[in-house]
Amino acid sequence: MSKEKLGYNSSEHGSAELGYPTAAVQEATLEAQGFRVPQTGFIGKLWKAVLYIDKFGVEVRGIERIRPEDRSARSVWDLLDAATMWLAANSTISTFSLGTLGPSVFGLGLKESCLTILFFNLLSTLPVAYFAVFGPRLGLRQMTISRFSFGYYVAWLPVALNVIACLGWSTINSIVGGQALRAVSTTHQIPEAVAIIIIALLTALFALFGYRYVHLYERYSWIPVVIIFFVSLGLSAKYMDSGPFAGSGEVEAASVLSFGAAIVGFGLGWSSLAADYTVNLPEDVPAAPVFWLTYIGLNLPCILIEALGAAEATVTRADWQAQYADQGVGGLLAASLSPAGGFGKFLLVLLALSIVGNNIPNMYSFALTFQVLGRYAQMIPRVFLVLLGSVVYVILSIVGASHFESWLDTLLVLLSYWLAIFSTVLIEEHLIFRRGKWLNYNPDDYDKPEHLPLGLAALAAAACGVLGAVLGMATQWYIGVLGKKIGDPAFGGDIGFELSCGFSAIVYPIARYIERKYESPQRLRKRIESESTVEKY
0 MSKEKLGYNS
10 SEHGSAELGY
20 PTAAVQEATL
30 EAQGFRVPQT
40 GFIGKLWKAV
50 LYIDKFGVEV
60 RGIERIRPED
70 RSARSVWDLL
80 DAATMWLAAN
90 STISTFSLGT
100 LGPSVFGLGL
110 KESCLTILFF
120 NLLSTLPVAY
130 FAVFGPRLGL
140 RQMTISRFSF
150 GYYVAWLPVA
160 LNVIACLGWS
170 TINSIVGGQA
180 LRAVSTTHQI
190 PEAVAIIIIA
200 LLTALFALFG
210 YRYVHLYERY
220 SWIPVVIIFF
230 VSLGLSAKYM
240 DSGPFAGSGE
250 VEAASVLSFG
260 AAIVGFGLGW
270 SSLAADYTVN
280 LPEDVPAAPV
290 FWLTYIGLNL
300 PCILIEALGA
310 AEATVTRADW
320 QAQYADQGVG
330 GLLAASLSPA
340 GGFGKFLLVL
350 LALSIVGNNI
360 PNMYSFALTF
370 QVLGRYAQMI
380 PRVFLVLLGS
390 VVYVILSIVG
400 ASHFESWLDT
410 LLVLLSYWLA
420 IFSTVLIEEH
430 LIFRRGKWLN
440 YNPDDYDKPE
450 HLPLGLAALA
460 AAACGVLGAV
470 LGMATQWYIG
480 VLGKKIGDPA
490 FGGDIGFELS
500 CGFSAIVYPI
510 ARYIERKYES
520 PQRLRKRIES
530 ESTVEKY
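As structure tokens, then:
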């Protein structure tokens with residue numbers, strides 16, 4: 000059936016006018032892949048609702064491959080979105096909050112904090128920029144691409160972890176945004192739950208409408224936020240305490256490693272989402288601009304705003320420190336903007352709402368990630384998964400509002416462990432077993448388990464990576480055997496990221512070679528057929 004008959008180019012469909020497939024096209028696409036979209040029952044009712052809201056320009060496409068002829072992002076602005084997407088997503092209070100952990104949690108001075116921020120960000124964002132190139136080449140979302148390394152069923156493991164990560168980040172972001180909105184006034188404070196709901200509603204609005212609206216918001220939203228952070232710097236600079244270098248002993252090294260693990264969890268955290276936001280670019284777009292625009296878009300805000308957070312955490316004014324202790328990061332920002340009076344409070348409101356820019360990609364990718372859980376999950380319309388995720392993280396944010404810093408540190412560190420394993424497996428699969436060539440993928444195989452790896456090699460690498468993380472971790476609730484050997488044994492130094500990456504990097508090539516060597520004749524035949532019929536691009 001032609002796209003025109005299905006309404007792909009019909010002007011009466013809002014989604015078609017924006018370059019999205021209509022609900023009718025999406026339903027036909029699923030059925031062409033062997034899905035039988037229910038016409039009755041709960042799922043059937045959801046699809047009827049999608050057919051109605053389709054005319055408002057809501058993206059209904061899920062994780063299905065976007066074929067080259069269906070991609071609409073062809074302007075220079077669309078290419079620049081590879082930078083502005085991450086520039087906006089990281090120009091938020093959450094990035095600032097991460098920087099404050101250096102002095103406030105890990106006891107580092109400003110100079111040590113800034114150097115740690117610089118080098119760990121430059122390292123941890125490399126895989127994110129690399130994976131951004133996969134989007135236009137394959138036309139697939141990031142967690143769907145993971146099936147080509149982890150296999151159809153074992154991929155459920157990183158998918159489940161990414162679902163948790165998206166919800167966890169949205170929760171943390173909403174808590175700090177709620178703190179900032181609450182800190183606007185000392186007499187008529189908005190309830191934190193109300194502030195969290197406001198942030199969630201704004202996030203859902205853009206995540207619901209989809210890819211084009213996500214990029215449209217992120218293209219411009221970073222500009223006022225960056226200006227406000229510069230204002231905050233100007234007003235608070237004279238109260239900052241740069242101090243001398245604290246020292247070079249084992250305790251200081253342990254603090255640097257532990258703070259670095261948190262930074263890696265933040266920067267590398269986007270690696271499981273990277274291809275989601277370049278998937279609509281032409282497949283022949285040069286790789287270098289996509290890589291470097293993504294890399295620069297990530298590092299500019301991460302390095303500068305985290306450094307600002309570290310600097311403001313060292314302020315010497317006792318009343319500002321008291322407000323920080325009482326109201327968290329929102330209180331610290333309120334204090335730094337207080338010399339501007341009422342205008343400073345207005346700027347604080349805008350900063351609080353900057354959280355929306357970080358939560359939008361989390362919720363948009365949450366829905367796409369959830370669909371990778373299997374065929375039944377793929378039949379749930381994306382828009383309703385966004386709503387489901389929003390409800391869940393609002394509840395978690397309200398419940399966990401009083402445990403912000405401990406939640407943030409724990410989440411970031413745990414993310415650095417599994418994302419190190421995830422990134423290592425995908426990179427080694429591409430460079431070693433696919434020889435770095437896109438011709439060695441057949442993107443249309445993403446939903447064919449028999450054409451994908453078994454995933455046992457990835458599972459073995461993940462298990463060994465977890466072992467490395469357990470040995471090297473240093474968290475509030477557990478310190479590994481090797482982690483204890485760095486610095487003060489009571490606190491340790493976190494090398495879980497490094498060990499999980501190293502262990503999985505050693506195991507995966509060996510296990511993958513064995514997996515390919517002893518795969519069944521039927522699976523071998525399917526793989527050879529798949530590789531011989533792939534489209535050349």
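Each residue of the sequence shown is one higher than the one before, counting from 0 in numbering that gives the first Met the number 0. We treat Cβ as the ideally placed atom computed from N, Cα and C, and that holds for glycine. Being a predicted model, the structure only gives us computed values, none of them experimental.
Can you tell me whether DSSP reads I478 as helix, strand or coil? Counting from one through the sequence shown, the residue named residue 478 turns up at place 479. In this structure, I478 counts as strand in the three-state DSSP scheme.
Using CA atoms only, rank isn't needed, just tell me which of N279, S96, G108 is closest to Y212. Locating residue 212 in the sequence shown gives position 213, counting from the first residue. For the residues N279, S96, G108, the minimum Cα distance to Y212 belongs to N279.
Under the rule that 16 or more other beta-carbon atoms within 10 Å means buried, what is W417, buried or exposed? By 1-based counting over the sequence shown, the position of residue 417 is 418. So W417 ends up on the buried side.
Just the Cα atoms here: how many angstroms apart are D69 and P281? What you label residue 69 is simply residue 70 of the sequence shown in a count that begins at 1. What you label residue 281 is simply residue 282 of the sequence shown in a count that begins at 1. Near 9 Å, if we compare the C-alpha coordinates of P281 and D69.
May I ask you to report which of helix, strand or coil DSSP gives K4? Within the sequence shown, numbered from 1, the residue matching residue 4 stands at position 5. Since pLDDT at K4 reaches only 34, below the 50 mark, its modelled position is unreliable, and the value read off the structure follows with that caveat. When secondary structure is reduced to three states using DSSP, K4 falls in the helix class.
First through last residue of the alpha helix (DSSP H) which encompasses S71: Indexing the sequence shown from 1 puts residue 71 at position 72. That residue, S71, is in no alpha helix (DSSP H); it is neither H nor E in DSSP.
Quick one: which unbroken alpha helix (DSSP H) runs of 4-plus residues sit fully inside the region 341-391? Chain order, please. Complete alpha helix (DSSP H) runs here, min 4: 341-352, 354-370, 374-378.
Mind checking T143: buried by the 16 CB within 10 Å criterion, or exposed? Working through the sequence shown from its first residue, we reach residue 143 at position 144. The residue is buried, with at least 16 neighbouring Cβ atoms inside 10 Å.
Helix, strand or coil: how does DSSP classify A154 here? In the sequence shown, residue 154 corresponds to position 155, counting from 1. A154 falls in the coil class under three-state DSSP.
Alpha carbon of V465 to alpha carbon of L455, nearest angstrom: What you label residue 465 is simply residue 466 of the sequence shown in a count that begins at 1. What you label residue 455 is simply residue 456 of the sequence shown in a count that begins at 1. A direct Cα-to-Cα measurement between V465 and L455 gives close to 15 Å.
Cutting at 7 Å between CB atoms, please list the residues of its own chain near F432, excluding the five before and the five after it. In the sequence shown, the residue the question calls residue 432 occupies position 433. A distance below 7 Å between beta-carbons, with the five flanking residues on each side excluded, links F432 to the following residues of its chain, in chain order: R511.
Contact defined as beta carbons within less than 8 Å: I believe G547 pairs with D493. What is the distance between those atoms, to the nearest angstrom? The question about residue 547 has no answer here: the residues shown for the chain are numbered 0 through 536.
Neighbourhood of Y517 by C-beta distance below 6 Å, restricted to the same chain and skipping five residues each side: Translated into the one-based positions of the sequence shown, residue 517 becomes position 518. Its chain contains no residue whose beta carbon lies nearer than 6 Å to that of Y517 once the 5 sequence neighbours on both sides are disregarded.
Given that a residue counts as buried once 16 or more other Cβ atoms are within 10 Å of its Cβ, and exposed if not, what is S74? Translated into positions along the sequence shown, residue 74 becomes position 75. The residue is exposed, with fewer than 16 neighbouring Cβ atoms inside 10 Å.
Report yes or no: do the region 305-325 and the region 218-237 share at least 3 C-beta pairs separated by less than 8 Å? The region 305-325 is in contact with the region 218-237.
Span separating the alpha-carbon of D53 from that of L107: Along the sequence shown, read from residue 1 onward, the residue named residue 53 stands at position 54. Along the sequence shown, read from residue 1 onward, the residue named residue 107 stands at position 108. Spanning the alpha carbons of D53 and L107 requires a straight line of approximately 52 Å.
Note down the Cα distance separating V49 from V59, rounded to an integer number of angstroms. Numbered from its first residue, the sequence shown carries residue 49 at position 50. Numbered from its first residue, the sequence shown carries residue 59 at position 60. Between V49 and V59, the C-alpha separation is close to 7 Å.
I'd like the span of the alpha helix (DSSP H) that includes R434, first residue to last. Position 435 of the sequence shown, counted from the first residue, corresponds to residue 434. Under the DSSP assignment, R434 falls outside any alpha helix (DSSP H); it carries neither an H nor an E label.
Please classify I198: is it buried, with 16 or more other beta-carbons within 10 angstroms of its beta-carbon, or exposed? Along the sequence shown, read from residue 1 onward, the residue named residue 198 stands at position 199. It is buried - the Cβ of I198 has at least 16 other Cβ atoms within 10 Å.
Using a Cβ-Cβ cutoff of less than 7 Å, which residues in the same chain neighbour V250 once the five nearest sequence positions on both sides are dropped? Within the sequence shown, residue 250 is the residue found at index 251, counting from 1. Answer for V250: G486, D487, listed in chain order.
For A242, which residues in the same chain have their Cβ closer than 8 Å to its Cβ, ignoring the five residues on either side in sequence? Here residue 242 corresponds to residue number 243 of the sequence shown, with the count starting at 1. Residue identity differs from the one stated: residue 242 is Gly in this sequence, not Ala. Once the five neighbours on either side are set aside, the close Cβ partners of G242 are G108, L109, K110, T313.
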